[in-house]
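Here is the structure we will look at.
Protein chains: 2
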Amino acid sequence: MKTLQELQTIIAKSVEKLNFPTEPAQLYEPITYIMSLGGKRMRPALLLMACDLFNGDLEAAIPPALAIEVFHNFTLMHDDIMDNAPLRRGKATVHSKWNQNVGILSGDVMLVEAYKLMMRVPEHLLAATLQVFNQTAVGVCEGQQFDMDFETRTNVTIDEYLNMIRLKTAVLLGGALKIGALLGGASSQDAAYLYGFGENLGIAFQLQDDILDVYGDPDKFGKQVGGDIISNKKTFLLLKATELADQNNLKDLNYWLHLTEFDNTEKVLAITRIYNQLDIRTRAELKMQEFADTAFNSLEKVAIPEANKQYLRNFADGLLVREH
Amino acid sequence: MKTLQELQTIIAKSVEKLNFPTEPAQLYEPITYIMSLGGKRMRPALLLMACDLFNGDLEAAIPPALAIEVFHNFTLMHDDIMDNAPLRRGKATVHSKWNQNVGILSGDVMLVEAYKLMMRVPEHLLAATLQVFNQTAVGVCEGQQFDMDFETRTNVTIDEYLNMIRLKTAVLLGGALKIGALLGGASSQDAAYLYGFGENLGIAFQLQDDILDVYGDPDKFGKQVGGDIISNKKTFLLLKATELADQNNLKDLNYWLHLTEFDNTEKVLAITRIYNQLDIRTRAELKMQEFADTAFNSLEKVAIPEANKQYLRNFADGLLVREH
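Each protein sequence line maps, in turn, to chains A and B.
Note that numbering that gives the first Met the number 0 numbers the first sequence so that position 177 is 176, with each residue one more than the last.
Note that numbering that gives the first Met the number 0 numbers the second sequence so that position 10 is 9, with each residue one more than the last.
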């Protein structure tokens with residue numbers, strides 16, 4: 000089997016070779032641009048790895064792997080418009096480099112290009128593959144909408160939050176693995192187990208991201224530490240803290256949540272203090288571990304040699320212990 | 000065979016029965032909303048008619064026909080954002096009734112829903128059907144981008160314009176007919192001829208629209224007469240006039256094109272006068288007839304009984320002589 004790194008290299012090279020039409024330039028240049036911004040190419044690499052687990056033809060799995068990456072970048076292009084984000088991986092976002100209409104329409108055609116790539120599978124797998132892809136795409140859109148809804152809602156439950164991150168982040172990992180497994184010749188049972196591995200791992204990963212936002216090492220965590228706190232983002236930590244808070248904590252929390260002008264560091268410190276009082280970090284880590292365990296249990300059930308499973312375990316370990 | 004009207008009724012009823020999830024409401028309600036705004040359902044009805052031409056199973060062709068209508072409405076939802084349009088069929092557009100982010104994301108999921116519907120074809124036709132659909136979808140996006148490009152370009156040629164309306168408007172008619180033909184069991188040759196019929200008819204239809212914008216009966220033409228003139232839209236008429244204008248005409252044309260404050264009626268009259276001097280209406284009608292002839296010639300070649308072809312001829316006649 001190939002290592003994750005080898006698979007990432009295959010994807011990186013294949014992304015470079017992706018060839019879109021030249022005209023209309025404003026439609027296709029943004030696609031090449033956003034695809035060239037890099038990233039770890041985790042999702043397509045996972046698709047290849049799932050195919051490799053079952054001794055499938057890796058070469059044949061490259062177009063659908065690219066489909067997953069093109070799809071992922073399509074969601075980034077449109078999310079950046081919706082979030083009004085000026086930067087993506089340190090470079091100008093498409094809508095700020097060109098304009099908003101370019102961002103909308105390039106994104107649209109990217110979604111179609113993703114389908115075109117996804118269709119390049121053996122014909123007997125076309126229906127099954129596209130069905131997973133459709134479900135994944137719908138899930139990601141639903142997750143994004145729930146995420147936007149939560150910004151203005153005040154009664155978000157933890158279950159709703161977990162479902163949102165499942166849709167927004169985790170189903171794409173699950174979908175990539177499931178499609179790769181199908182291409183590798185897995186039974187539908189094994190493909191479903193791999194989906195379960197990916198989906199639960201994705202939720203664990205997002206919970207870890209919530210934790211690192213507050214407790215991460217600023218030098219290692221790629222983003223501003225405390226960013227979620229500053230923006231009142233309803234993460235697992237904030238929702239759990241709200242649930243467990245006594246009257247005093249709640250007064251403190253609400254004070255900071257409703258303050259419109261504040262010193263960032265001061266707010267981050269104050270809210271972190273409340274989290275610490277309520278032992279939120281441990282609770283979040285337990286929840287994360289719960290999903291990680293479910294993921295590993297699902298992987299156990301897949302009917303492949305132990306040695307092959309180790310590749311996915313290594314991947315998961317790399318994903319979940321970036322920090323501590 | 001069923002008449003166009005009967006097919007439109009089938010589609011209208013099927014659109015009403017379309018069932019999207021209820022949550023997240025902001026993602027799915029806009030889809031039901033825009034689909035309920037009506038319209039003539041020409042494209043899906045054409046798909047059914049093409050299937051009927053070859054004695055295909057109409058019931059089975061309904062989901063892909065709905066796919067075409069959902070896709071068409073997805074493009075309207077995103078175009079309305081890009082055009083900043085407040086109204087669609089006299090009702091608030093999605094982005095003005097909800098907000099822009101809702102319009103972007105609902106549109107995205109609509110495109111996926113269109114694929115889901117399009118996939119509901121017999122498995123042996125899945126690859127061929129989706130290939131036409133992909134090509135159509137890419138074409139429509141390219142057409143929309145060219146159309147936006149032309150707003151700021153000053154050297155648009157008539158060939159570029161014809162290619163733009165082919166992509167933006169005509170390939171969807173062609174695509175609908177081709178998919179319907181494939182579902183009806185047509186040979187790929189016949190399906191291609193029907194595509195040619197639809198594409199050329201679509202271009203003729205758009206040229207007629209350009210003509211009616213200036214010369215239409217205000218009581219019958221659904222939009223403001225002269226709207227293209229007022230907005231300096233680079234239609235076939237304006238491009239042809241620019242091509243044929245002598246120095247005097249050109250001076251007049253440029254005067255009105257660059258005026259930022261003007262009386263609408265006065266501008267429409269002045270530009271129409273130039274068009275009349277250059278006999279633009281006749282030239283546009285000839286060009287329109289040229290495409291209509293090509294469409295009918297393509298239809299002639301389809302290996303189906305004369306009586307069946309008459310249904311499509313009637314459809315084309317209804318489309319092209321709305322007015323004069």
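Glycine included, C-beta positions come from ideal geometry on N, C-alpha and C.
Neighbouring residues, chain B, relative to residue i (Cβ below 9 Å)
i: Met81 of chain A; result: Gln99, Asn100, Ile103 and Leu104
i: Phe145 of chain A; result: Glu22, Pro23 and Leu26
Interface partners of residue i on chain B, CB under 8 Å
i: Ser148 of chain A; result: It should be noted that the sequence gives Asp, not Ser, for residue 148 of chain A. Near Asp148 of chain A (Cβ distances below 8 Å), the residues of chain B are Pro23 and Gln25.
Proximal chain B residues relative to residue i, where beta-carbon distance stays under 7 Å
i: Cys50 of chain A; result: Chain B residues near Cys50 of chain A: none, gap ~20 Å exceeds 7 Å.
i: Ala136 of chain A; result: Val111
Chain A contact residues for residue i, given Cβ-Cβ distances below 7 Å
i: Glu141 of chain B; result: Pro23 and Leu26
i: Val69 of chain B; result: Within 7 Å Cβ-Cβ: nothing; Val69 of chain B doesn't reach chain A, min ~13 Å.
Buried/exposed call for residue i, threshold 16 Cβ in 10 Å
i: Asp208 of chain B; result: buried
i: Phe70 of chain B; result: buried
i: Glu322 of chain A; result: Only weak support exists for where Glu322 of chain A lies, its pLDDT of 48 falling under 50; the value from the coordinates is given anyway. With fewer than 16 other Cβ atoms within 10 Å, it is exposed.
i: Glu198 of chain A; result: buried
i: Thr306 of chain B; result: With the sequence shown as reference, residue 306 of chain B is identified as Ala, and Thr is not the correct amino acid for it. It is exposed - the Cβ of Ala306 of chain B has fewer than 16 other Cβ atoms within 10 Å.
i: Leu319 of chain B; result: buried
i: Arg165 of chain A; result: buried
i: Asp262 of chain A; result: exposed
i: Pro63 of chain B; result: buried
i: His94 of chain B; result: buried
i: Lys250 of chain A; result: exposed
i: Leu75 of chain B; result: buried
i: Asp66 of chain B; result: The identity of residue 66 of chain B in the sequence shown is Ala, whereas the question assumes Asp. So Ala66 of chain B counts as buried.
i: Ala283 of chain A; result: buried
i: Glu68 of chain A; result: buried
i: Asn18 of chain A; result: exposed
i: Pro324 of chain B; result: No information on residue 324 of chain B is available, as it lies outside the stretch 0 to 323 that chain B covers here.
i: Asn72 of chain A; result: buried
i: Asp316 of chain B; result: exposed
i: Ser105 of chain A; result: buried
i: Ser297 of chain A; result: buried
i: Gly201 of chain A; result: buried
i: Lys219 of chain A; result: exposed
Identity of the residue in the options nearest residue i by Cα
i: Ile270 of chain A; options: A:Phe295, A:Lys286 and A:Asp212; result: A:Asp212
i: Glu242 of chain B; options: B:Ala169, B:Leu277, B:Gly225 and B:Tyr214; result: B:Leu277
i: Ile279 of chain A; options: A:Val301, A:Phe235, A:Phe132 and A:Gly55; result: A:Phe235
i: Thr293 of chain A; options: A:Gly38, A:Arg152 and A:Phe204; result: A:Phe204
i: Leu46 of chain B; options: B:Tyr194, B:Val93 and B:Ser230; result: B:Tyr194
i: Thr92 of chain A; options: A:Ala190, A:Ile33, A:Met0 and A:Glu299; result: A:Ile33
i: Asn83 of chain A; options: B:Ala11, B:Ile229, B:Gln99 and B:Phe196; result: B:Gln99
i: Ala191 of chain B; options: B:Phe19, B:Val301, B:Glu22 and B:Val14; result: B:Val301
i: Ile103 of chain A; options: B:Trp97, B:Phe132 and B:Gln143; result: B:Gln143
i: Met78 of chain A; options: A:Asp107, A:Lys12 and A:Tyr160; result: The question names Met, yet the displayed sequence has Asp at residue 78 of chain A. Closest option to Asp78 of chain A, Cα to Cα, is A:Asp107.
i: Phe132 of chain A; options: A:Ala59, A:Arg87 and A:Arg42; result: A:Arg42
i: Ala185 of chain B; options: B:Lys286, B:Ile228, B:Lys167 and B:Leu124; result: B:Leu124
i: Ala44 of chain B; options: B:Asp218, B:Lys177 and B:Glu260; result: B:Lys177
i: Leu171 of chain A; options: A:Val139, A:Ser297 and A:Arg312; result: A:Val139
i: Thr8 of chain B; options: B:Pro20, B:Met48, B:Thr21 and B:Pro23; result: B:Met48
i: Pro20 of chain A; options: B:Val137, B:Leu110 and B:Glu299; result: B:Val137
Per-residue contacts from residue i into chain A (C-beta, under 9 Å)
i: Asn133 of chain B; result: Val111, Glu112, Tyr114, Lys115 and Met118
Amino acids of chain A, ordered along the chain, whose beta-carbon sits closer than 8 Å to that of residue i
i: His77 of chain B; result: Ile103, Leu104 and Asp107
Residue i CB to nearest heavy atom of the ligand HEM below 8 Å
i: Leu52 of chain A; result: With respect to the ligand HEM, the structure offers nothing, as it holds no ligand at all.
- Message: Counting only Cβ-Cβ distances shorter than 8 Å, please list the residues of the stretch 106 to 128 of chain B near chain A, keeping chain order.
- Response: Gly106, Asp107, Val108, Leu110, Val111, Glu112, Tyr114, Lys115, Met118, Glu122, Leu125 and Ala126
- Inspect the CB distances between the stretch 109 to 117 of chain A and the stretch 142 to 150 of chain B and report whether three or more fall short of 8 Å. no
- Message: Does the structure place the stretch 151 to 165 of chain A close enough to the stretch 14 to 31 of chain A that three or more beta carbon pairs sit under 8 Å?
- Response: no
- Item | At least three beta-carbon pairs within less than 8 Å, the stretch 180 to 187 of chain B to the stretch 44 to 59 of chain B | yes
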